[in-house]
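Visitor:
In UniProt numbering, the protein residues as written are 1 to 527.
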């Protein structure tokens, strides 16, 4: 398993763990060596020094015994001799105590042999010493001196030599322990220095390795980031590890890939936006042209509506005049009916009145012809308005309906005028018959009265027809007013549509500029 595949934290933990392990080993070894030094020093202090001190105490006790024996031999005073004897016994007791203590301590074979040698020689000298003490206490000084000189003295000298050898041996052992402790200290110091050097070298090697394993990929990542910051999205980082830096490099490669896709999508969308802006501009121009055509058509329709309104007003005036004439004729019929009682006396007057009625009928016929002509012109204008409304498309649909209503009203007006013509012709025919009848025979007054009644009925029909025509004309006038209002609304809507198309065209141009700017910005990236 490659170390670079481990996480940085794991690698650092492993490195520091190795360092800590080496430090623990070094510290443990150092403590062990220090313990060894402590044991040696403790043995020097508690064992060797104790043996030396006890040996010196034994030597001191031997010296005290020798000194006591001399005191006994040199003093004549019994009290002094007794004091010296007591000193000798005390020294012997101290020697015995020190001897027992030194035997209890850990001894080497050589140390035990030297101790046994001292004890054996002291035992050999003990009898001679006792003899010297007894002779001295008995005031036999010369004999005691002879024993001391020839027997006790040489024996005690051998004891002192053995004790000196024992002390020298113990001091040598002390010196050896000390030298061993010093050597352990030197070895421990050397070991600590070597271990410290190894730990330091290993730490440096691991630091260099871990630093390169981190800074190397990071440097490559920084280089790729700088290249990307310059707009080059083709940079790619080779991922050779599975640690955090490797994962970061993989995430960076994924980010660059997604950025390339985003930039390509932006370029594609920008081109689509530019094309859409061009199409939108073209459509807005076409729509504006259509709106202008619609506005022109609405102007023509408005002119036509004004003409229709003018003709309708003329028709209304003529209709009012016809109504007035019909009322006049009706009143004339009433007068004729009133004068029919005197028809025998005023036949000539009746004939004249009938003649006047015939004249009025002709005038009504002329008015009806005028109404018929106006209705035909209205029908033609309504047809033109329907054509213009059809050209206006959706906006002219309402006007087409109104124009159709106007056309129907014009046709109804023409039909009413035809009926009036028929009635007028009938009236003229009947009037002529009345004149003929009255001219042929005044006895036919009753028939004339009936004819006049019929004429009155015809006049009533004319009045009703004229009133109906007037009502229809008013409806036509209201329809033309609605048409005019609708034309104005369409014109206003067309103007608003034209303004909206201008704004739409400006927006399309702005969109095209933004698309160019976006292409320029995205063009900085290399994909």
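Built from N, CA and C at the ideal position, the CB exists for glycine as well.
Below 8 Å on the Cβ atoms is my guess for residue 88 versus residue 69; work out the distance and round it to an integer in Å.
Guide: Correct: roughly 7 Å between the Cβ atoms.
Visitor: Sort 195, 49, 117 by Cα distance to residue 105 and report the nearest one.
Guide: Selected option, being the one with the closest Cα: 49.
Visitor: From residue 387 to residue 440, what distance separates their C-alpha atoms?
Guide: Rounded to the nearest angstrom, the two C-alpha atoms are 59 Å apart.
Visitor: Who are residue 161's beta bridge partners in DSSP?
Guide: Residue 161 pairs with nothing; no bridge assigned.
Visitor: Measuring CB to CB, does residue 528 end up less than 9 Å from residue 150?
Guide: For the chain, the structure presents residues 1 to 527; residue 528 sits outside this window and is missing.
Visitor: Expressed to the nearest angstrom, what Euclidean distance is found between the alpha-carbon atoms of residue 520 and residue 267?
Guide: Each residue's Cα considered, the two are about 10 Å apart.
Visitor: Could you check whether the segment 184-198 touches the segment 130-145, counting it as contact only if at least three pairs of C-beta atoms, one from each stretch, sit closer than 8 Å?
Guide: Too few Cβ pairs lie closer than 8 Å, so no.
Visitor: Just the C-alpha distance for residue 283 and residue 271, rounded to the nearest angstrom, thanks.
Guide: About 18 Å.
Visitor: Quick check on the burial criterion: 16 or more other C-beta atoms within 10 angstroms. Buried or exposed for residue 204?
Guide: Label assigned to residue 204: exposed.
Visitor: Assuming residue 137 and residue 72 form a contact by the criterion Cβ under 8 Å, report the distance between their Cβ atoms to the nearest whole angstrom.
Guide: With 8 Å as the limit, residue 137 and residue 72 qualify as a contact, their Cβ atoms being about 6 Å apart.
Visitor: Just the Cα atoms here: how many angstroms apart are residue 193 and residue 27?
Guide: If I take the Cα positions, the gap works out to 12 Å.
Visitor: Should residue 544 be labelled buried (16 or more other beta-carbon atoms within 10 Å of its own) or exposed?
Guide: This structure leaves residue 544 out entirely; the chain is present only between 1 and 527.
Visitor: Could I get the ranges of all uninterrupted beta strand (DSSP E) runs contained in the segment 393-417, with 3 residues as the minimum, in chain order?
Guide: The segment 393-417 contains no whole beta strand (DSSP E) run of 3 or more residues.
Visitor: Considering just the uninterrupted stretch of the alpha helix (DSSP H) at residue 49, what are its terminal residues?
Guide: Note, residue 49: alpha helix (DSSP H), 49-74.
Visitor: Between which two residues does the alpha helix (DSSP H) containing residue 123 stretch?
Guide: It spans 109-137 - the alpha helix (DSSP H) in which residue 123 sits, taken as one unbroken run.
Visitor: Please say whether residue 58 and residue 118 have beta carbons closer to each other than 9 Å?
Guide: In contact: residue 118 and residue 58 (Cβ atoms closer than 9 Å).
Visitor: Can you give me the C-alpha to C-alpha distance between residue 538 and residue 24, rounded to a whole angstrom?
Guide: An answer regarding residue 538 cannot be provided, because it is not within the stretch 1 to 527 covered by the chain.
Visitor: Run the CB neighbour count on residue 99, radius 10 Å, all protein chains shown included, and call it buried at 16 or more, exposed below.
Guide: Buried is the call here.
Visitor: Among residues of its own chain, excluding the 5 on either side of residue 91, which ones have a beta-carbon nearer than 7 Å to its beta-carbon?
Guide: Cβ neighbours of residue 91 beyond the five flanking positions: 61, 64, 65, 68.
Visitor: Suppose you measure from the CA of residue 307 to the CA of residue 378; what does that come to, to the nearest Å?
Guide: So the alpha carbons of these two residues sit roughly 9 Å apart.
Visitor: Compare the beta carbon distance of residue 371 and residue 416 with 9 Å and say whether it is the shorter of the two.
Guide: A contact, by the Cβ cut-off of 9 Å.
Visitor: For the putative contact between residue 84 and residue 125, defined by C-beta atoms under 8 Å, what is the C-beta separation to the nearest angstrom?
Guide: No, residue 84 and residue 125 are not in contact; Cβ-Cβ is about 18 Å, not under 8 Å.
Visitor: Anyone know if the C-beta pair for residue 430 and residue 454 falls short of 9 Å?
Guide: Closer than 9 Å, so yes.
Visitor: Could you tell me the boundaries of the alpha helix (DSSP H) in which residue 85 lies?
Guide: Segment 78-104, the alpha helix (DSSP H) holding residue 85.
Visitor: For a quick check, are the C-beta atoms of residue 115 and residue 133 less than 9 Å apart?
Guide: Going by C-beta atoms, residue 115 is not nearer than 9 Å to residue 133.
Visitor: Can you give me the Cβ contacts of residue 169 inside the same chain, cut-off strictly under 8 Å, excluding the 5 residues immediately before and after it?
Guide: Here the set comprises 110, 111, 114.
Visitor: Give a yes or no on whether 9 Å exceeds the smallest Cβ distance from residue 310 to chain B.
Guide: The question asks about chain B, but that chain is absent: this structure has only one protein chain.
Visitor: Identify which residue in 327, 381, 385 has its Cα closest to the Cα of residue 360.
Guide: Looking at the Cα atoms, 327 is the closest of the given residues.
Visitor: Can you round the beta-carbon distance between residue 166 and residue 93 to whole angstroms, since I take them to be within the 8 Å contact cut?
Guide: Not confirmed; about 20 Å, so no contact.
Visitor: Suppose you measure from the CA of residue 293 to the CA of residue 317; what does that come to, to the nearest Å?
Guide: Answer to the nearest angstrom: the Cα atoms are 36 Å apart.
Visitor: Looking at residue 369 and residue 422, is the spacing between their C-beta atoms short of 9 Å?
Guide: Against a cut-off of 9 Å, the Cβ pair of residue 369 and residue 422 comes out as no contact.
Visitor: Give a yes or no on whether the C-beta atoms belonging to residue 108 and residue 212 are separated by under 9 Å.
Guide: In this structure, residue 212 does not lie closer than 9 Å to residue 108 by Cβ.
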